[in-house]
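Notes for the one structure printed next.
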Amino acid sequence: MKTKSLSALLGCALLASSAAYADIYDDAVANSARSKKDRTVDERRKPEQVMRFFEIQPSMKVLDVFAGGGYYSELMSYVVGERGHVTMYNNQPWQQFVKKAVDERLKDNRLQNVSTLIVKPEELAGVKEQFDAAIFVLGMHDLYYEDSENGWPKIDRAKFLQGIYSKLKSGAVFGVIDANAKTGVDNAVIGKTIHRVDPAAVIKDIKAVGFVLEAQGEFLGNAKDDLTTSVFLPENRYNTDRSVLKFRKP
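Under mature numbering (1 follows the signal peptide of the UniProt record, and there is no 0), read the sequence shown as residues -22 to -1, 1 to 228, first letter to last.
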């Protein structure tokens, strides 16, 4: 009888904890401080499901890899709270492209638990901070090509991924999202031209540095996407067929 009662209590506690975290994610998305521009893409990006799936929780230190203008950095800042911290990481070419958006998002110290980090991808391992989780949203394809004419450098993909691995604590989640290309494509070409990537290559390369693939989310899938057109077409913007990959550092 006592065992059954204890099991029931534990079950209730787990349900209550899950409900509490669900509220945290929904509350982050509903935060009145967020911009209208960010809100317009929420339905297509499903950030509350993304953060829940990647186990972003209060008090965490989170690395937002190639954070761009910081859409997810701001959302995660609300989830991790005052005792947590979010590091917006961009390399210099990315930072030059998104500087105005980053400055606007961080002006007047409006996100006090968010800081920026700008280093070469190959130098990430030298950063002192350790993180409880990392996310890499819509940027993995950029590791497969070089575009010197437009200022995008060749990146040592393995060294960069090893750097991310080294910065995460044991048990940490590394969450990756990107737009899918067809299986077997040349990622060096596809990444540069239509900004997609073969998910099989992503999984192989990330597992190669030590991460374990734990789960794949289906909630950003789009069966109508033919996987061959640019993600920047108006009809494709945040509406492509996207892989949602949850890796974990053992």
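Don't be surprised by glycine CBs; every beta carbon is placed ideally from N, CA and C.
Check your understanding: With contact counted as at least three CB pairs below 8 Å, one residue from each stretch, are the segment 8 to 21 and the segment 91 to 108 in contact?
Key -> Fewer than three beta-carbon pairs drawn from the segment 8 to 21 and the segment 91 to 108 are found closer than 8 Å, and the two stretches are therefore not classed as touching.
Review point. Which stretch, first to last residue, makes up the alpha helix (DSSP H) that contains Asn165?
Key: Locating residue 165 in the sequence shown gives position 187, counting from the first residue. Per DSSP, Asn165 belongs to the alpha helix (DSSP H) from 165 to 171.
Review point. For Gly153, which residues does DSSP report across the bridge?
Key: The residue given as residue 153 occupies position 175 in the sequence shown. Gly153 is bridged to Ile113, Lys224.
Exercise for review: Check whether the Cβ atoms of Gly169 and Pro228 sit closer than 9 Å, and answer yes or no.
Suggested key: Numbered from its first residue, the sequence shown carries residue 169 at position 191. Numbered from its first residue, the sequence shown carries residue 228 at position 250. No, the pair does not count as a contact, with Cβ atoms beyond the cut-off.
**Study point:** Coil, strand or helix - Met(-22) by DSSP
**Key:** Here residue -22 is taken as the residue at index 1 of the sequence shown, counted from 1. Per-residue confidence for Met(-22) stands at a pLDDT of 42, beneath the threshold of 50, marking its modelled position as unreliable; no derived number is given.
**Study point:** Nearest-angstrom Cβ-Cβ length linking Gly153 and Phe32, presumed shorter than 8 Å
**Key:** Here residue 153 is taken as the residue at index 175 of the sequence shown, counted from 1. Here residue 32 is taken as the residue at index 54 of the sequence shown, counted from 1. Confirmed, about 3 Å.
Practice item. Take Ile184 and list the residues in its own chain whose beta-carbon comes closer than 8 Å to its own, dropping the five residues that flank it on each side. Key: If you number the sequence shown from 1, residue 184 lands on position 206. A distance below 8 Å between beta-carbons, with the five flanking residues on each side excluded, links Ile184 to the following residues of its chain, in chain order: Leu139, Phe152, Val154, Leu191, Leu223, Phe225.
Practice item. Could you please give the first and the last residue of the uninterrupted alpha helix (DSSP H) stretch that includes Asp42? Key: If you number the sequence shown from 1, residue 42 lands on position 64. Looking at the DSSP string, Asp42 is not in any alpha helix (DSSP H); the run it does join, the beta strand (DSSP E), is 39 to 43.
**Study point:** Which of helix, strand or coil DSSP assigns to Asp125
**Key:** Position 147 of the sequence shown holds residue 125. Strand at Asp125.
Check your understanding: Can you name, in chain order, every residue of its own chain whose Cβ lies under 7 Å from the Cβ of Pro71, other than the five neighbours on each side?
Key -> Taking the first residue of the sequence shown as 1, we reach residue 71 at position 93. For Pro71, where only same-chain residues beyond five positions count, the Cβ hits under 7 Å are Gly129, Trp130, Pro131.
Check your understanding: Between which two residues does the beta strand (DSSP E) carrying Val64 extend?
Key -> One-based indexing of the sequence shown puts residue 64 at position 86. Per DSSP, Val64 belongs to the beta strand (DSSP E) from 63 to 68.
Exercise for review: Consider the C-beta atom of Val167 and the heavy atoms of the ligand COA; say whether any pair is separated by less than 8 Å.
Suggested key: The ligand content of the structure shown is nil, which means the ligand COA is not present either.
Point to revise | Bridge partner(s) assigned by DSSP for Trp130 | key: Position 152 of the sequence shown, counted from the start, is the residue given in the question as residue 130. Paired residue(s): Asp125.
**Study point:** Beta-ladder partner(s) of Val92, from DSSP
**Key:** Within the sequence shown, the letter at position 114 stands for residue 92. Partner residues in the beta bridge of Val92, as assigned by DSSP, are Val64.
Exercise for review: State the start and end residues of the unbroken alpha helix (DSSP H) segment that holds Gln140.
Suggested key: To locate residue 140, count along the sequence shown from 1; it is residue 162. Unbroken alpha helix (DSSP H) run through Gln140: 135 to 145.
Practice item. Return the bridge partner residues of Leu191 from the DSSP annotation. Key: For this step, residue 191 is matched to residue 213 along the sequence shown. According to DSSP, which records beta bridges pairwise, Leu191 is partnered with Phe225.
Point to revise | Candidates Leu41, Arg135, Ala178, of which the one nearest Val187 by Cα | key: Position 209 of the sequence shown, counted from the first residue, corresponds to residue 187. Comparing C-alpha distances from Val187 to each of Leu41, Arg135, Ala178 shows the shortest one belongs to Arg135.
Practice item. Pull up the distance between the alpha-carbon of Val167 and that of Tyr123, whole angstroms please. Key: On the sequence shown, position 189 is the one that residue 167 refers to. On the sequence shown, position 145 is the one that residue 123 refers to. The C-alpha of Tyr123 is placed about 7 Å away from the C-alpha of Val167.
Check your understanding: Between Leu121 and the rest of its own chain, which residues show a CB-CB distance below 7 Å, the 5 nearest in sequence each way excluded?
Key -> Position 143 of the sequence shown, counting from 1, holds the residue named residue 121. Counting only Cβ-Cβ distances below 7 Å, and skipping sequence neighbours, we find Ile133, Arg135, Phe138.
Review point. Could you give the residue range of the alpha helix (DSSP H) that holds Ile181?
Key: Position 203 of the sequence shown, counted from the start, is the residue given in the question as residue 181. Per DSSP, Ile181 belongs to the alpha helix (DSSP H) from 177 to 186.
**Study point:** Span of the alpha helix (DSSP H) around Asp16
**Key:** Translated into the one-based positions of the sequence shown, residue 16 becomes position 38. Element bounds for Asp16: 14 to 17.
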